[in-house]
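These protein sequences, in sequence, are chains Y and C. Numbering-wise, my numbering comes out as the position in the first sequence, counting from 1, plus 1163. Numbering-wise, my numbering comes out as the position in the second sequence, counting from 1, plus 30. Quick reminder that beta carbons are idealized off the backbone N, C-alpha and C, glycines included. The structure appears below as structure tokens.
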Amino acid sequence: NAGVMQNPRHLVRRRGQEARLRCSPMKGHSHVYWYRQLPEEGLKFMVYLQKENIIDESGMPKERFSAEFPKEGPSILRIQQVVRGDSAAYFCASSPTFPNTEAFFGQGTRLTVV
Amino acid sequence: QQQVKQSPQSLIVQKGGISIINCAYENTAFDYFPWYQQFPGKGPALLIAIRPDVSEKKEGRFTISFNKSAKQFSLHIMDSQPGDSATYFCAAETSGSRLTFGEGTQLTVNP
Chain Y
1164 NAGVMQNPRH LVRRRGQEAR LRCSPMKGHS HVYWYRQLPE EGLKFMVYLQ
1214 KENIIDESGM PKERFSAEFP KEGPSILRIQ QVVRGDSAAY FCASSPTFPN
1264 TEAFFGQGTR LTVV
Chain C
31 QQQVKQSPQS LIVQKGGISI INCAYENTAF DYFPWYQQFP GKGPALLIAI
81 RPDVSEKKEG RFTISFNKSA KQFSLHIMDS QPGDSATYFC AAETSGSRLT
131 FGEGTQLTVN P
């Protein structure tokens, strides 16, 4: 049973470009969470999704950031017109059908904006 | 009210010693308190977790102590080993919601 898969592991974007981060949850998990970790800091919640629904996006910046978890395929975190301050590690976590007794994290995507 | 305060920020322990990391919370609706371990370049991995109906949970060398009235919980690592050197995060959650993390403690265990 593969764990939470995130890709790419490393992503470099120039200012103004778009970044797309993908997350495939563990098999049988229908709840996905995205967190952002700045260097030397803790994990900050961004968004919580179930299949085809956004449940809680209270941690998402109001502009440029969006997330989806379609019926088929991975969850996508999309950052438009990236800026240097978006440079961080983005982690995805998934949990089973009933949230959230145990969340399993992926290895993260390290985004660098140059 | 959603914050979880973690201390210390960094901790250095000798091999064989006891590592103690503390966390405090305000939201009494939190009902699940996990600890995560993170190695450099890796994602956080669940280490041990507790619910507020028990005051202590032990798994191997790792113990969580939970004080509901004080709204505090702590992680104790007995017989600390160099391989335990990592960043540790406490977290808290309300059912059906998401994890709120502490700021992390960087643990170094010297040989």
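Sub-8 Å separation of residue i and residue j beta-carbons
i: Q1200 of chain Y; j: F1254 of chain Y; result: yes
i: S1257 of chain Y; j: A1251 of chain Y; result: no
i: S1238 of chain Y; j: V1195 of chain Y; result: yes
i: P74 of chain C; j: F1268 of chain Y; result: yes
i: E1215 of chain Y; j: K1190 of chain Y; result: no
i: G1205 of chain Y; j: F131 of chain C; result: yes
Residue i versus the options, residue with shortest Cα-Cα distance
i: S125 of chain C; options: C:C53, C:I42, C:F60 and C:Q68; result: C:F60
i: L1274 of chain Y; options: Y:E1226, Y:P1171 and Y:A1165; result: Y:P1171
i: G46 of chain C; options: C:H106, C:Q136 and C:N52; result: C:H106
i: Y55 of chain C; options: C:G71, C:L41 and C:Q33; result: C:Q33
i: C1186 of chain Y; options: Y:G1166, Y:E1204 and Y:G1179; result: Y:G1166
i: P64 of chain C; options: C:K72, C:I78 and C:N57; result: C:I78
i: M108 of chain C; options: C:A100, C:S99, C:D83 and C:K88; result: C:K88
i: R1227 of chain Y; options: Y:E1203, Y:S1193, Y:D1249 and Y:I1218; result: Y:D1249
i: Q136 of chain C; options: Y:E1203, Y:R1247 and Y:I1218; result: Y:E1203
i: I80 of chain C; options: C:Q102, C:S127, C:P112 and C:G71; result: C:Q102
i: P141 of chain C; options: C:R128, C:P70, C:L129 and C:S115; result: C:S115
Sequence-distant residues of the same chain with beta carbon closer than 6 Å to residue i, five excluded per side
i: V43 of chain C; result: S49, S110 and V139
i: E1220 of chain Y; result: V1210
i: L1184 of chain Y; result: L1240, Y1253 and T1272
i: G134 of chain C; result: T117 and F119
i: S95 of chain C; result: E86 and S104
i: H1173 of chain Y; result: R1273
i: S37 of chain C; result: N52
Counterpart residues of residue i in DSSP-defined beta bridges
i: F103 of chain C; result: C:C53 and C:F96
i: F1267 of chain Y; result: Y:S1257
i: L1212 of chain Y; result: Y:V1195 and Y:I1217
i: K1207 of chain Y; result: Y:R1199
i: L1184 of chain Y; result: Y:L1240
Spatial neighbours of residue i in its chain, beta-carbon cut-off 7 Å, leaving aside the 5 residues before and after
i: W1197 of chain Y; result: M1209, V1210, A1230, L1240, Y1253 and C1255
i: Q1180 of chain Y; result: V1245
i: R1177 of chain Y; result: V1277
i: P82 of chain C; result: D61, F96 and K98
Whole alpha helix (DSSP H) elements within the region 55-91 of chain C, 4-residue minimum
none
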